[in-house]
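*Asks:* In the UniProt record's numbering, the protein residues as written are 1 to 180.
Where is the CB? At the ideal position from N, CA and C, for every residue including glycine.
Small disclaimer: the values here were computed from a predicted structure and weren't measured.
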Amino acid sequence: MLDEKEFIQQLLHPKTQNDAFQKLLYTYQKPLYNHIRNIVLNHDDTDDVLQNTFIKVFQNLKNFKGESKLFSWMYRIATNEALTFLNQKAKKSGISSETLQNKAIDNLKADVYFDGNEIQIALHKAIATLPHKQQLVFKMKYFEELKYEEISGILGTSVGALKASYHHAVKKIESLLTTN
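In structure tokens:
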């Protein structure tokens with residue numbers, strides 16, 4: 001992709017905005033989909049959150065200060081959108097976000113877009129027992145293979161704290177999977 005500042009200028013300029021936004025979609029749609037899917041677990045919900053994410057990116061691009069990479073900023077928006085979506089869905093359903101997450105895991109078997117097996121489902125159940133921050137860190141590191149520096153930019157947490165969170169998450173998941 002072009003130099004990031006130049007690309008952002010293209011996104012903001014009315015004459016180049018449409019082409020630049022198409023490039024943005026082409027580049028980030030799949031990684032953002034995977035990121036959101038790891039959080040919300042349901043394909044249809046993921047599509048809705050992804051659409052909302054790109055709308056927010058488009059609407060707020062003029063406010064992007066460039067203090068982080070565009071990638072990190074977009075992932076932060078996607079993460080916040082996914083978490084907000086889950087909280088609202090749980091509230092509308094009158095259940096806790098943990099119960100909602102467990103229902104989503106139980107529904108993975110019927111999801112035609114989920115290609116995992118029983119082990120993957122057991123892993124998702126183990127991940128669901130972690131505190132939310134550890135869940136995010138684990139999913140971003142394990143499933144998305146993001147570097148700690150990238151996760152740090154997305155979550156606004158120090159690399160050291162992320163490494164500790166990931167280490168604790170791995171130990172808890174190992175313990176849960178070996179005892180079951």
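(1) Hey, which unbroken runs of the alpha helix (DSSP H) at 4 residues or more fall wholly within the region 2–76?
(2) Using the three-state DSSP reduction, which class does ASN117 fall into: helix, strand or coil?
(3) Relative to the alpha-carbon of LYS172, which residue among PHE114, GLN134 and THR157 has its alpha-carbon at the smallest distance?
(4) Nearest-angstrom Cα distance between MET1 and PHE85?
(5) Taking buried to mean at least 16 other C-beta atoms within 10 Å of its own C-beta, is ILE77 buried or exposed?
(6) Does GLU150 pass the burial test, meaning 16 or more other C-beta atoms within 10 Å, or should it be called exposed?
(7) Can you name, in chain order, every residue of its own chain whose Cβ lies under 7 Å from the Cβ of TYR26, other than the five neighbours on each side?
(8) With C-beta atoms as the reference, is ILE36 less than 8 Å away from ALA82?
(9) In three-state DSSP terms, what is ASP106?
(10) For GLY156, report the span of its alpha helix (DSSP H) as first-last.
(11) How far does the alpha helix (DSSP H) with LYS141 in it reach, from first residue to last?
(12) Rounding to the nearest angstrom, what Cα-Cα distance links GLN51 and HIS168 in this structure?
(13) Let me confirm a value: SER175 is counted as buried when at least 16 other C-beta atoms fall within 10 Å, else exposed. Which label applies?
(14) Hey, ASN38 and LYS139: beta-carbon distance below 8 Å or not?
(15) Between the region 68–77 and the region 2–9, do three or more beta carbon pairs fall short of 8 Å?
(16) Put LEU146 into one of helix, strand or coil per three-state DSSP.
*Replies:* If we stick to the structure as given:
(1) 4–12, 17–40 and 43–60
(2) Indexing the sequence shown from 1 puts residue 117 at position 117. Note: ASN117 maps to coil in three-state DSSP.
(3) Your numbering for residue 172 matches position 172 in the sequence shown. Of PHE114, GLN134 and THR157, the residue nearest in Cα terms is GLN134.
(4) To locate residue 1, count along the sequence shown from 1; it is residue 1. To locate residue 85, count along the sequence shown from 1; it is residue 85. Note on MET1: pLDDT 48, under 50, position unreliable in the model; no value is reported.
(5) One-based indexing of the sequence shown puts residue 77 at position 77. ILE77 is buried by the Cβ-count criterion.
(6) Here residue 150 corresponds to residue number 150 of the sequence shown, with the count starting at 1. Buried, because 16 or more other Cβ atoms sit within 10 Å of the Cβ of GLU150.
(7) For this step, residue 26 is matched to residue 26 along the sequence shown. No residues qualify anywhere along the chain.
(8) Taking the first residue of the sequence shown as 1, we reach residue 36 at position 36. Taking the first residue of the sequence shown as 1, we reach residue 82 at position 82. Yes.
(9) Stepping through the sequence shown from its first residue, residue 106 is reached at position 106. In the structure shown, ASP106 sits in a helix (DSSP, three-state: H, G or I).
(10) For the purposes of this step, residue 156 is taken as residue 156 along the sequence shown, with counting starting at 1. First-last for GLY156: undefined, no H or E at that position.
(11) In the sequence shown, the residue the question calls residue 141 occupies position 141. Start and end: 132–142.
(12) For the purposes of this step, residue 51 is identified with residue 51 of the sequence shown, where counting begins at 1. For the purposes of this step, residue 168 is identified with residue 168 of the sequence shown, where counting begins at 1. Roughly 33 Å separates the two Cα atoms.
(13) As a first step, residue 175 is located in the sequence shown; it is residue number 175 there, counting from the start. With fewer than 16 Cβ atoms within 10 Å of its Cβ, SER175 is classed as exposed.
(14) Position 38 of the sequence shown holds residue 38. Position 139 of the sequence shown holds residue 139. In this structure, LYS139 lies closer than 8 Å to ASN38 by Cβ.
(15) yes
(16) Reading the sequence shown from its first residue, position 146 is the one you call residue 146. Three-state result, LEU146: coil.
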